[in-house]
Amino acid sequence: MADARASRRRESIEALLLAAIGGIGLIMGARALRPAQVVPARPPSVEPPLGGWPRIAEHADGVVRYTLQAKLDPASHEIDGHGTITLKNSSSIALNDLRLHLYLNAFKNDRTVFRRARVGGFRGDRSRGAGYIDIRRLSLAGEDLWPKREWIDHRGDTPQDPHTPNTAPIVEGAPDDQTDVRIPLPKPLPAGESITLEVDFHDRLPEVTERTGYEGSFHFAGQWFPKLARLEKDGRWASFPFHHLAEFYADYGSFDVTLDVPETFTIGASGPVVSSKVEAGRRIERHVIDDVHDFAWTAWDRFVAREQRIEGVLVRFLAPPGYGAAIDREALAVEHALRDKNARFGAYPYPVLTVVHPPDDADEAGGMEYPTLITTGGPWWPNHGLHEIEGVTIHELGHQWFYGLVGTHEVEWPAGDEGFNSYADELALGTLFGRGSGVTLGPLQLSTEMLAVRGVDASFDEPIFQPAHRFASGRSYGGRVYGATAAVLLTLRRTFGAAKLDTAMGVWTRKFRFQHPGPEDFFAVLGEHVGADCEAAARTAFSTPFSYDVYAESLSSEKDRGPVGYFDGKDGRVKKEPEDAARWKSSAWIGRRGALDLPVDVELRFADGSRTRRTIRFGAPAYAVAPAPPMIGADVAAIALGVPVAADTQPSQQSPSNGTWYRLDADGPTQLVAVIVDPDHKLLVDRDRLDNFASLSNGRGGAPIARERSLAWIGVLTRLVGP
60 MADARASRRR
70 ESIEALLLAA
80 IGGIGLIMGA
90 RALRPAQVVP
100 ARPPSVEPPL
110 GGWPRIAEHA
120 DGVVRYTLQA
130 KLDPASHEID
140 GHGTITLKNS
150 SSIALNDLRL
160 HLYLNAFKND
170 RTVFRRARVG
180 GFRGDRSRGA
190 GYIDIRRLSL
200 AGEDLWPKRE
210 WIDHRGDTPQ
220 DPHTPNTAPI
230 VEGAPDDQTD
240 VRIPLPKPLP
250 AGESITLEVD
260 FHDRLPEVTE
270 RTGYEGSFHF
280 AGQWFPKLAR
290 LEKDGRWASF
300 PFHHLAEFYA
310 DYGSFDVTLD
320 VPETFTIGAS
330 GPVVSSKVEA
340 GRRIERHVID
350 DVHDFAWTAW
360 DRFVAREQRI
370 EGVLVRFLAP
380 PGYGAAIDRE
390 ALAVEHALRD
400 KNARFGAYPY
410 PVLTVVHPPD
420 DADEAGGMEY
430 PTLITTGGPW
440 WPNHGLHEIE
450 GVTIHELGHQ
460 WFYGLVGTHE
470 VEWPAGDEGF
480 NSYADELALG
490 TLFGRGSGVT
500 LGPLQLSTEM
510 LAVRGVDASF
520 DEPIFQPAHR
530 FASGRSYGGR
540 VYGATAAVLL
550 TLRRTFGAAK
560 LDTAMGVWTR
570 KFRFQHPGPE
580 DFFAVLGEHV
590 GADCEAAART
600 AFSTPFSYDV
610 YAESLSSEKD
620 RGPVGYFDGK
630 DGRVKKEPED
640 AARWKSSAWI
650 GRRGALDLPV
660 DVELRFADGS
670 RTRRTIRFGA
680 PAYAVAPAPP
690 MIGADVAAIA
700 LGVPVAADTQ
710 PSQQSPSNGT
720 WYRLDADGPT
730 QLVAVIVDPD
740 HKLLVDRDRL
750 DNFASLSNGR
760 GGAPIARERS
770 LAWIGVLTRL
780 VGP
């Protein structure tokens, strides 16, 4: 889902261009720029772990099978559906009931959980007409179970996030919400056994909102059929109402769907077409796909279709008339993304992919992901240099891995798909466009990392790993889930090693293909393949409302003139005068706010032009309940100055840390004049880069020379120029 990310991308680009250039002329002029000659990059080289990659499952353990027929009436914007739903009890206990998601009822009235959730800063805020799904029959062995249904209003002791203990619902009771329903079974369904339900249903689509509905004759069916909730191994149903910020979590299975639309309409849907015919003025297509957990489709009488085979996948592009330039850029993005993600995360396993570019007046259908079908967005003639179309295409395609092939729980843990996918975006866009992954306008190049940094700067300090509906607002959700997750992972990658983190993420996506892992599984992968320090840092960054800032507090550098003053000894009192020594006593004080413990690079600069770098660790903060661990890296006091040192010169032996500050001692033959914290911008989670340097001449925040000051301010304006 890219709506929050795309919105922040546009806002960031606009703000940064205005700040860095001082006007909008360059933005307007971007439309006149000729397209840059960009070609897909070679696949990245990702090292497997010792012993090789985990075995990738070829197929999912299919729990559900849907065989459905759906007929669209474009005049009334209604769908009549019927078919069968087969469930295998994959849990360890007998089942006494079923749980169904009827997501289309989120748009039924203004008292649903979806409509009542005041998220702000997110699409779907506009109420654009009502829509609903009616179940007309749900029978098992000839008995209609629907009259015995029980609507779940999630009142009192049934929170919106049933897997999180000791939590209360954000919306206290929603008796008019009909997105979550319980169906008692006539008799228990034993573990390992299956049942097949027959279902008749009727949809009325709303005006397009939150990726479902119609605009004119354009129709997109995202939440359109009765969908079984995910059945956990212990027999619990992962049942929840349709909240504004999240929906996805379901068992893998198979879909056999026959779609019936007017013959003038073009269909795009999940899975390959296995049969197609036109009869009695109707177009009838059958789509069949295995190893997925959802199915979506679209139909419009103005689609222009283009097909091409990319990296062995038959890709079908559907767009409005005149959008050829946009399709060209989407095709480039798909080719690059498939190369990149196949190498990093394991090969895309499906034979087809459909890329839908909705018309401008149906933009709320854009920026979405479904198995083998994604929607994009953007103008008919894109701004060359502003990589919005490539960004949204790569993001939505990335969801085929993050939520699609690795079936994390978006309601409970949205960062596991949206956040991890945003991190993957940064890598893919960086290899495609280099330093200008966000903006390339002549000499101006801005990285998409600015979006990650803005996520760290989100006004609400909340845990990143938490249920979607617990975020304070849509802005907070977007900032923390999309931006801050990417910033944390990029920081870990730069700090602990790109190769190690790439391996860990490759293990994650291969080991858990067609499974439903959680945060603890992810932390375990980091610990095994990157190390305990990385795992500990990730737990702090993701599971606590952390705020992190490292800064150069101050520095001092004075000539070491030896002992000065009166000293008592066995021969009486002796007065010692200052010596004209060539040695300097120098120290730099580095501070940290927050409990996140990461290695921090510090560059020390000296009057003779030499410079040296050391890596420090703060350890646990002084106010921590647990005792602080032994200081890590105490040997940083032995600073190699980069210039000859007299044989009798000994480096200082103490560089104390209390967990919130660290003193670097750099005694030697030349004066220390400046200190720069994190000179390579590894720490994207650092909330304030303006305080990362100090000098003798300007004090804290001053650059040692004019050029350094200019670069520092440009860095503040653009946050990060290039990766």
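Each residue of the sequence shown is one higher than the one before, counting from 60 in our numbering. Positions of the beta carbon are idealized from the N, C-alpha and C atoms, including for glycine.
In angstroms, rounded to a whole number, what distance separates the CA positions of residue i and residue j?
i	j	result
E252	P300	27 Å
E209	V332	37 Å
N148	A116	21 Å
N751	L488	28 Å
A527	Y308	13 Å
R672	E662	4 Å
L127	R342	16 Å
D203	I254	14 Å
T674	H740	14 Å
E471	G668	53 Å
P578	G330	30 Å
G457	L464	10 Å
A654	E389	42 Å
R553	Q504	21 Å
A511	E447	16 Å
R365	P321	20 Å
T317	A339	16 Å
Do the CB positions of residue i and residue j come within less than 8 Å of each other?
i	j	result
S646	A753	no
V267	F284	no
H141	V258	yes
L373	F362	no
G444	T435	no
D13	Y610	What the structure shows of the chain is the stretch from 60 to 782, and residue 13 is not part of that stretch, so it cannot be assessed.
E477	V540	yes
T271	L163	yes
R676	P658	yes
Could you tell me if residue i is buried or exposed, where buried requires 16 or more neighbouring beta carbons within 10 angstroms of its beta carbon?
i	result
A558	exposed
K167	buried
W440	exposed
S298	buried
D561	buried
E423	buried
N155	exposed
E485	buried
G6	An answer regarding residue 6 cannot be provided, because it is not within the stretch 60 to 782 covered by the chain.
Q367	exposed
Q473	Before going on, a small fix: residue 473 reads as Pro here, not Gln. By the neighbour-count rule (16 or more Cβ atoms within 10 Å), P473 is buried.
P637	exposed
Identify whether residue i lies in helix, strand or coil by the three-state DSSP scheme.
i	result
G514	helix
K570	helix
R748	coil
T325	strand
H16	There is simply no residue 16 to check, as the chain begins at 60 and stops at 782 in what is shown.
S253	strand
R552	helix
R295	coil
N155	strand
K559	helix
Y409	coil
I386	helix
Y541	helix
V374	strand
H278	strand
V105	coil
D660	strand
H395	helix
K130	strand
State the CB to CB distance for the pair residue i and residue j, rounded to an integer number of angstroms; the pair is presumed to be in contact (CB under 8 Å).
i	j	result
G190	L264	5 Å
V744	A595	V744 to A595, Cβ: 15 Å. No contact.
Y273	A355	14 Å between Cβ atoms; not a contact.
P522	T603	6 Å
R158	A233	Rounded, the Cβ-Cβ distance is 16 Å, inconsistent with contact.
I138	D262	4 Å
P107	N401	About 14 Å; that fails the 8 Å criterion.
A392	I453	5 Å
G312	H346	Not a contact, Cβ separation roughly 14 Å.
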